[in-house]
Amino acid sequence: MSFNKVKEFIEEGDVIILYLGHNNMHSLEIKAKIPNKNGEMVDNVFQTKYGALKVFSLVGHKYGTKKKLSRGWAYVLQPTPELWTLTVPHRTQIIYSPDISLILHLMDLVPGSIVIETGTGSGSLSHALIRVIRPHGHLFTFDFHEQRVNIAQAEFEKHGLSKFVSSSCKDVCIEGFGKELETKADAIFLDLPHPWLAIDYAVSTLKKSGGKLCSFSPCIEQVQRTCAKLISKGFIELNTYECLQREVHVQYKNLPILNLECLQYENVDKDMAQESENEKQEVKLLTAMHARSLPGHTGFITIATLPPFHVRKMEINLKSKD
Numbered sequence: 001m002s003f004n005k006v007k008e009f010i011e012e013g014d015v016i017i018l019y020l021g022h023n024n025m026h027s028l029e030i031k032a033k034i035p036n037k038n039g040e041m042v043d044n045v046f047q048t049k050y051g052a053l054k055v056f057s058l059v060g061h062k063y064g065t066k067k068k069l070s071r072g073w074a075y076v077l078q079p080t081p082e083l084w085t086l087t088v089p090h091r092t093q094i095i096y097s098p099d100i101s102l103i104l105h106l107m108d109l110v111p112g113s114i115v116i117e118t119g120t121g122s123g124s125l126s127h128a129l130i131r132v133i134r135p136h137g138h139l140f141t142f143d144f145h146e147q148r149v150n151i152a153q154a155e156f157e158k159h160g161l162s163k164f165v166s167s168s169c170k171d172v173c174i175e176g177f178g179k180e181l182e183t184k185a186d187a188i189f190l191d192l193p194h195p196w197l198a199i200d201y202a203v204s205t206l207k208k209s210g211g212k213l214c215s216f217s218p219c220i221e222q223v224q225r226t227c228a229k230l231i232s233k234g235f236i237e238l239n240t241y242e243c244l245q246r247e248v249h250v251q252y253k254n255l256p257i258l259n260l261e262c263l264q265y266e267n268v269d270k271d272m273a274q275e276s277e278n279e280k281q282e283v284k285l286l287t288a289m290h291a292r293s294l295p296g297h298t299g300f301i302t303i304a305t306l307p308p309f310h311v312r313k314m315e316i317n318l319k320s321k322d
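This is how it looks when you write it as structure tokens:
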């Protein structure tokens with residue numbers, strides 16, 4: 001239940017993030033017993049490189065606690081969508097935090113927004129969407145794979161988010177989003193192999209006052225076909241982005257101060273030049289250096305706006321007169 005609100009103390013049933021290092025984090029459920037490979041219930045003990053942790057012993061501790069293990073330390077953190085993205089069990093390829101942050105910004109989401117997500121996958125983006133739109137908004141998420149839908153539903157329930165999200169097993173490219181969602185959505189997110197096939201349904205699902213449609217595609221050819229379809233359906237303000245995160249290493253460096261006194265003289269003998277070289281001074285400065293390489297391409301993010309219904313109707317009437 002620890003995703004739903006900020007908590008001070010760990011309780012039974014919570015999902016926690018065990019932090020062992022920057023690239024070594026694990027999500028654990030606070031339970032006394034768990035089934036082993038044979039289906040037998042055994043003590044919930046998690047093995048780390050710093051020693052074994054009895055998970056249920058964390059009950060009553062504060063979030064942020066530094067837990068001593070036999071060969072080191074671990075920190076117990078409250079989960080956030082960002083930490084969940086780093087520890088989520090991968091059922092599909094996931095969208096990571098740099099892309100997620102840009103998607104949330106472009107879709108103009110606020111608490112109370114009604115959002116449709118296609119391609120639930122591992123639920124990485126779903127958790128971030130829910131945090132933005134709660135407490136009065138709702139997420140409708142679709143996936144064609146029934147097992148992934150069932151697992152996602154169980155995770156939302158376990159994380160205390162089930163009242164903010166509805167999961168459905170459906171191929172929206174063929175069946176659409178359902179009549180019950182027509183003119184209900186503020187924004188739609190498409191993570192599909194053929195997103196252009198869902199755009200007809202998206203037009204009827206977005207509110208009559210208009211809304212945002214965002215599509216995530218790894219290939220530029222997908223983007224081209226999607227944009228062509230969006231334009232044909234009256235979408236405006238089309239933009240496509242690629243989000244690449246660049247690391248900047250900040251560190252202190254000792255840099256030499258250049259002595260230019262010797263330039264005052266026309267003839268400078270070697271001894272004077274050597275003396276000037278020996279008198280070089282250094283200054284300690286805070287510097288920033290870019291990493292030599294950037295993380296690779298993940299996908300293209302296309303955002304478009306559907307104008308209000310009366311504006312679209314007006315444009316259709318003007319075109320018919322021409």
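Going by the UniProt record's numbering, the first residue of the sequence shown is number 1, and it counts up by one from there.
In this text, a Cβ means the ideal position worked out from N, Cα and C, and glycines have one as well.
With residue i as the anchor, note down where its alpha helix (DSSP H) starts and where it stops.
| i | result |
| --- | --- |
| Tyr201 | 199 to 205 |
| Leu106 | 97 to 106 |
| Gln47 | Unbroken run through Gln47 is the beta strand (DSSP E), 45 to 48; no alpha helix (DSSP H). |
| Asn254 | Here Asn254 belongs to no alpha helix (DSSP H); instead the beta strand (DSSP E) covers 248 to 257. |
| Phe156 | 146 to 158 |
Going by Cα to Cα distance, which pick from the options is closest to residue i?
| i | options | result |
| --- | --- | --- |
| Thr65 | Lys54, Gln78, Phe56, Glu29 | Gln78 |
| Ser57 | Gly39, Glu40, Ile30 | Ile30 |
| Pro218 | Leu258, Phe177, Asp191 | Asp191 |
| Asn24 | Thr80, Phe140, Leu86 | Leu86 |
| Glu11 | Tyr63, Tyr19, Gly39 | Tyr63 |
| His290 | Gln245, Leu255, Leu238 | Gln245 |
| Thr92 | His145, Thr48, Met107, Ile100 | His145 |
| Pro193 | Leu102, Cys173, Arg292 | Cys173 |
For residue i, does the count of other Cβ atoms within 10 angstroms reach 16, so buried, or fall short, so exposed?
| i | result |
| --- | --- |
| Asp43 | exposed |
| His159 | buried |
| His127 | buried |
| Glu155 | buried |
| Thr183 | exposed |
| Gly60 | exposed |
| Ile130 | buried |
| Leu206 | buried |
| Arg134 | buried |
| Ala198 | buried |
| Gly112 | exposed |
| Tyr19 | buried |
| Lys5 | exposed |
| Lys68 | exposed |
Quick one: give me the first and last residue of the beta strand (DSSP E) that residue i is part of.
| i | result |
| --- | --- |
| Val165 | 165 to 169 |
| Thr118 | 114 to 118 |
| Phe9 | Counting along the chain, Phe9 falls outside any beta strand (DSSP E), and DSSP gives it neither H nor E. |
| Val110 | First-last for Val110: undefined, no H or E at that position. |
| residue 323 | One cannot answer for residue 323 here, as it falls past the ends of the chain, which runs 1 to 322. |
Residues in its own chain within less than 8 angstroms of residue i by CB, not counting five upstream and five downstream?
| i | result |
| --- | --- |
| Gly211 | Ala185, Asp186, Ala187, Ile188, Thr305, Leu306 |
| Val88 | Ser27, Ile94, Ser122, Gly123, Ser124 |
Using a Cβ-Cβ cut-off of 7 angstroms (strictly less than) and excluding sequence neighbours within five positions of residue i, which residues of its own chain qualify?
| i | result |
| --- | --- |
| Asn36 | Val42 |
Which residues in the same chain as residue i place their Cβ atom closer than 6 angstroms to its Cβ, once the five residues preceding and following it in sequence are excluded?
| i | result |
| --- | --- |
| Ala288 | Val248, Val250 |
| Trp73 | Lys66 |
| Ser70 | Gly51 |
| Val149 | Asp143, Ser167, Cys169 |
At a cut-off of 8 angstroms, would you count residue i as near the ligand HEM, judging by its Cβ distance to the nearest heavy atom?
| i | result |
| --- | --- |
| Leu213 | This structure lacks the ligand HEM, and indeed carries no ligand of any kind. |
_Suppose only complete runs of 3+ residues qualify. What are the beta strand (DSSP E) ranges in the segment 58 to 93, listed by chain order?_
66 to 69, 72 to 77
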